[in-house]
Amino acid sequence: MSDTEEMIEVESITQPGKIKRVNRAKYLTMRDAFLPVLPTEAPGMTFADAKAALLPDLCDALFPGGDKAGWWLAAVQLDLEAKGVIKRGSKGPVRLFRTRKPE
């Protein structure tokens, strides 16, 4: 696999128009662990609850002992929000829920 294929471009709802390239395998692993734990309706699930729910199923080869899982979860969350795949509930604390499947 070339360097280009090992990276994926992600967006952020907090910085519209800014694209960042990140490790494809880690991004996809986190996305695939994150989306199934999120409810499909508001009010949604807190970031901390989502992280706790997905940690046991994360690939230990990519995230040994959950190392850096919080950073990757935040990166995936912000990208999926920017793409409209997930949304925040209307009241604090921040609660997230799925709105559609990723493309």
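Counting with the numbering used here, you get residues 69 to 171 for the letters of the sequence shown. Even for Gly, the Cβ is constructed at its ideal location relative to N, Cα and C.
Between the alpha carbons of L130 and A101 lies a distance of about 13 angstroms. Contact between V90 and A150 fails: their C-beta atoms lie close to 14 angstroms from each other, not under 8 angstroms. V153 and R92 have their C-alpha atoms some 18 angstroms from each other.
Scanning its chain for C-beta atoms nearer than 6 angstroms, with the 5 sequence neighbours on each side dropped, one finds around E74 the residues R92, in chain order. Secondary structure note for E77: its beta strand (DSSP E) is the uninterrupted segment M75 to V78. Comparing alpha carbon positions, the residue from L126, L96, S80 and K88 closest to E171 is L96. K136 and L148 have their C-alpha atoms some 18 angstroms from each other.
R166 is classed as buried because its beta carbon has at least 16 other beta carbons within 10 Å across all chains shown.
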